[in-house]
Amino acid sequence: MADTTVKKQIVEKIKDSNNILVTVNSNPSVDELSAALGITLLINKLNKHGTAVFSGAVPPAIEFLQPEKTFENTVDSLRDFIIALDKEKADHLRYKVVDDMVKIFITPYRTTISDKDLDFSQGDYNVEFVLAIGVRSSEDLDKALESHGRILHDATVAAVSLGEASNLGGIEWVDTAASSYSEMMAGLAEALKSDKALLDEQIATALLTGIVAATERFSNDKTSSDVMTTAAQLMAAGANQQLIAIKLEEG
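For the sequence shown, the tail end lands on 551 under the numbering used here, and the numbers increase by one without skipping.
Structure (structure tokens):
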């Protein structure tokens, strides 16, 4: 399937989904982590609920990107929390945000309600779309997802690869000409924009970090005119190439 057709499929799935999981393999590179971080920030900028899961140790080279503010090391936040009550006892329900609390108000119907009437439980994983970056198989997934195959079974999965296609099923986006996953995610960001640009300094810096790492500061055979154009666009959006080079060198 042509690259543009697959990318369009992914764009449509992102636009049609509210809860999106971005995941990487169990031993991701700086490029893969930077790509996951950047695209998750962008998904949230679309007013979606994007969650990036990575349970491993973050490389020192990308600590300046503040990955701890984006990555979660478990999938717990992807589950609904359910409060159940006999429908015969409830007239109507509403909620109100008071300071830092969400208060749920249940108006009883010809009865009284106490905590003994309520049942609390964990619901299913609330994920509609999974973007798997550099994941070749279900065995290659981040450890946090190892025992949660149901997520991949219930959601549409798009596997992003620079080489061979994965066996995850679903949508397969393979681009052997791209320098990096971050370059692919920059292309996805471009395809997702509508009347206004989505790239900001934080997103652009994350994606350029992955590109600089993968191309070894534009010095190896992965460097192409296309990736140079992408890098220029990211710098125009606010990415600081000099800072990135310094941090990667320190890391």
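For every residue, glycine included, the Cβ atom is placed at its ideal position computed from N, Cα and C. Quantities reported herein were computed from a predicted structural model and do not represent experimental measurements.
Over the uninterrupted beta strand (DSSP E) stretch that includes residue i, give me the two end residues.
{"i": "residue 422", "result": "419-425"}
{"i": "residue 491", "result": "Here residue 491 belongs to no beta strand (DSSP E); instead the alpha helix (DSSP H) covers 481-492."}
{"i": "residue 531", "result": "First-last for residue 531: 525-536, but that is the alpha helix (DSSP H), not the beta strand (DSSP E)."}
{"i": "residue 472", "result": "471-474"}
Just to confirm my understanding: we take residue i, look at its own chain, exclude 5 residues before and 5 after, and list those with CB closer than 8 angstroms. What are they?
{"i": "residue 448", "result": "375, 425"}
{"i": "residue 535", "result": "504, 508, 541"}
{"i": "residue 403", "result": "395, 396, 397"}
Using DSSP bridges, identify the partner residues of residue i.
{"i": "residue 434", "result": "Residue 434 is not bridged to any residue."}
{"i": "residue 403", "result": "396"}
{"i": "residue 367", "result": "Note: residue 367 sits in no beta bridge, so no partner."}
{"i": "residue 408", "result": "390"}
{"i": "residue 457", "result": "430"}
{"i": "residue 320", "result": "350, 429"}
{"i": "residue 325", "result": "441"}
{"i": "residue 372", "result": "353"}
Is the beta carbon of residue i sitting closer than 8 angstroms to the one on residue j?
{"i": "residue 341", "j": "residue 506", "result": "yes"}
{"i": "residue 405", "j": "residue 313", "result": "no"}
{"i": "residue 324", "j": "residue 354", "result": "yes"}
{"i": "residue 492", "j": "residue 361", "result": "no"}
{"i": "residue 485", "j": "residue 338", "result": "yes"}
{"i": "residue 310", "j": "residue 488", "result": "yes"}
{"i": "residue 307", "j": "residue 473", "result": "yes"}
{"i": "residue 497", "j": "residue 511", "result": "no"}
{"i": "residue 565", "j": "residue 334", "result": "No answer is possible for residue 565: the residues shown for the chain start at 301 and end at 551."}
{"i": "residue 419", "j": "residue 407", "result": "no"}
{"i": "residue 389", "j": "residue 415", "result": "no"}
Near residue i, which residues of its chain fall below 6 angstroms by C-beta distance, leaving aside the five closest residues on each side in sequence?
{"i": "residue 501", "result": "538"}
{"i": "residue 382", "result": "421, 423"}
{"i": "residue 345", "result": "498"}
{"i": "residue 316", "result": "none"}
Under DSSP, the alpha helix (DSSP H) around residue i begins and ends at which residues?
{"i": "residue 338", "result": "330-345"}
{"i": "residue 509", "result": "501-514"}
{"i": "residue 380", "result": "It is not in any alpha helix (DSSP H) - residue 380 instead sits in the beta strand (DSSP E) that spans 379-384."}
{"i": "residue 311", "result": "303-316"}
{"i": "residue 549", "result": "541-550"}
If residue i sits next to residue j, beta carbons under 8 angstroms apart, how far is it from one beta carbon to the other, in whole angstroms?
{"i": "residue 435", "j": "residue 458", "result": "Their Cβ separation, rounded to whole angstroms, is 10 angstroms, which puts residue 435 and residue 458 out of contact at 8 angstroms."}
{"i": "residue 330", "j": "residue 367", "result": "Not a contact, Cβ separation roughly 11 angstroms."}
{"i": "residue 481", "j": "residue 544", "result": "Incorrect: roughly 16 angstroms between the Cβ atoms, too far for contact."}
{"i": "residue 326", "j": "residue 351", "result": "Actually they do not touch by this definition, with Cβ atoms about 18 angstroms apart."}
Keeping to the same chain, check which residues put their C-beta closer than 7 angstroms to that of residue i; ignore five residues upstream and five downstream.
{"i": "residue 318", "result": "348, 349, 428"}
{"i": "residue 475", "result": "303, 462, 484"}
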